[in-house]
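Numbering-wise, the numbering used here comes out as the position in the sequence shown, counting from 1, plus 3.
All C-beta atoms, glycine included, are put in the ideal place defined by N, C-alpha and C.
Everything numeric in this text was worked out from a predicted model, so none of it was measured.
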Amino acid sequence: MQFLAGAVQMLATSDKEANLHEAEGWIRRAHAEGARLVVLPEVFNWRGRGKDTAANAEPVPGPSTERMSALAAELGLYLLAGSILEVSDSEGRAYNSSVLIGPGMGIIAKYRKIHLFDVDIEGEAPIRESEFRRPGDAVVVADTPLCPMGLSVCYDLRFPELYRRLTTAGARIIFVPSVFTVPTGRAHWETLLRARAIENQVYIIAPDQTGDHPASMSAYGHSMIVDPWGKVIAQADTEPGLVLATIDLDHLENVRRRLPALDHRRAFLNGGP
C-alpha cells in the first residue's frame with residue numbers, strides 16, 4: 004500500500020486566526036498534490052509568550068480542532084493538528100497536545116507531550132517549558148485504515164524508549180511535530196530523526212517551525228520525512244512551506260523482513276525474563 008503524505012513548515016505567531024488560515028492554505032495545497040495525510044508542526048495555531056499560554060489554551064475538542072476536523076472532512080484526508088495548547092486543571096499551565104483527525108471521523112487520537120524541555124543552551128535564554136506546560140503520561144498509537152500511527156512531540160525525540168513503545172504497539176508511521184531550536188537543530192535534528200526511523204524501522208514525519216520569533220526562540224526548520232531505512236525522502240529548507248513524500252508500507256515490511264532487528268530483541272534487556 005502506498006499513499007502521499009505532506010509535512011507543513013510554518014512560522015506561527017500569536018495571531019491565532021492568521022496561523023489557522025495559513026495552515027488551511029498548506030493543507031489545501033497538499034490535498035491538491037494528492038496527499039492523503041498532512042502533518043502540521045508543534046503549536047501551529049498559536050505560539051507566543053509563555054506567560055500567555057493559559058489564556059490561549061483551548062479545550063480538545065474545541066475551536067481549532069473543530070475547524071481542522073471540518074477541513075479534513077471536506078478534503079477527505081487524515082490530518083495531524085501538530086500540537087495545540089490544551090486547557091488543563093493546573094492553574095497557569097496547559098497540555099501540549101497532538102491531535103490526529105480522520106476524514107469525516109473527527110478526532111481519532113490525542114497525545115499529550117510527555118517530556119518537557121527545561122534546558123540551558125549556550126547563547127540562548129534558559130527555556131523552562133514546565134513552567135507553563137503540564138506533561139502527559141500516556142503512549143498513543145492510533146489504528147487507522149491507512150496504517151497504525153504513533154504520536155510524539157518535539158523533545159520526545161531524545162527519548163528512544165518512547166519510540167520503541169510506539170513501535171511495539173504497532174506504529175508504522177511516527178509523527179514528530181516540533182519547534183526545534185537552531186543550535187540543537189543544527190547539531191541533532193536529522194541525526195535523531197534518522198536514528199528513530201532506523202532503530203524502529205518506521206516512517207518518521209517531522210514538520211518543524213522555522214525562523215525568528217519575537218516572543219520565543221528561533222526555530223530550525225528543515226522539516227523532513229524519513230523512510231524505515233533511514234533515508235531522508237523529503238526535506239524543507241528554512242522557509243515556510245510543504246514537503247511531500249510517498250509512504251510505501253510494502254517497502255517498510257521489506258526492510259523489516261530483510262533486516263529483522265525488531266525480532267532479535269532480547270526480552271531480559273527490557274525487564275522481561
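- With three or more CB-CB distances shorter than 8 Å, the segment 196-213 counts as touching the segment 8-16.
- Judged by DSSP secondary structure, Asp253 falls within the alpha helix (DSSP H) whose first and last residues are 252-261.
- A contact between stretches requires three or more CB pairs, one per stretch, nearer than 8 Å, and the segment 51-62 meets this requirement with the segment 91-101.
- In the structure shown, the three-state DSSP call for Asp211 is strand.
- For Lys19, no beta strand (DSSP E) segment is defined; the enclosing uninterrupted segment is the alpha helix (DSSP H) at 19-35.
- Bridge pairing for Leu103: Leu83, Ala112 [DSSP].
- Secondary structure of Ala222 (DSSP, three-state): strand.
- With respect to the C-alpha of Ala38, the residue from Leu245, Glu202, Ala264, Asn257 having the closest C-alpha is Leu245.
- Residue nearest to Gly79 within the set Tyr114, Ile30, His216, Pro231 is Ile30 (criterion: CA-CA distance).
- Judged by DSSP secondary structure, Ile201 falls outside any beta strand (DSSP E) and instead within the alpha helix (DSSP H) spanning 193-203.
- For Arg259, the closest of Thr170, Asn48, Leu23 by C-alpha to C-alpha distance is Thr170.
- Counting C-beta atoms within 10 angstroms of its own C-beta, Lys234 has fewer than 16 neighbours from the protein chains shown and is therefore classed as exposed.
- Assignment of beta-bridge partners to Ser181 by DSSP yields Asp211.
- When only Cα atoms are considered, Ala270 and Phe162 end up about 19 Å apart.
- Nearest neighbour of Ile176 by Cα position, chosen from Leu196, Trp192, Ala190, turns out to be Leu196.
- Counting along the chain, the unbroken alpha helix (DSSP H) around Leu169 starts and ends at 163-171.
- Distances from the CA of Glu256 to each of Gly173, Thr187, Ala35 were compared; the closest alpha carbon is that of Gly173.
- Taking the C-beta atoms as reference points, Ser86 is found nearer than 8 Å to Ser101.
- For the options Pro44, Glu193, Arg137, Ala21, the alpha carbon positioned closest to that of Ser93 is the one of Arg137.
- Cβ contact annotation for Ser219 (same chain, cutoff 8 Å, sequence separation greater than five): Arg50, Gly51, Arg52, Val182, in chain order.
- A buried status is given to Thr187, since no fewer than 16 other beta-carbon atoms sit within 10 Å of its beta-carbon.
- Excluding residues up to 5 positions away in sequence, Arg175, Ile176, Leu252 lie with their Cβ nearer than 7 Å to the Cβ of Cys150 in the same chain.
- In terms of CA proximity to Val185, His216 leads the group Ile201, Val205, His216, Val156.
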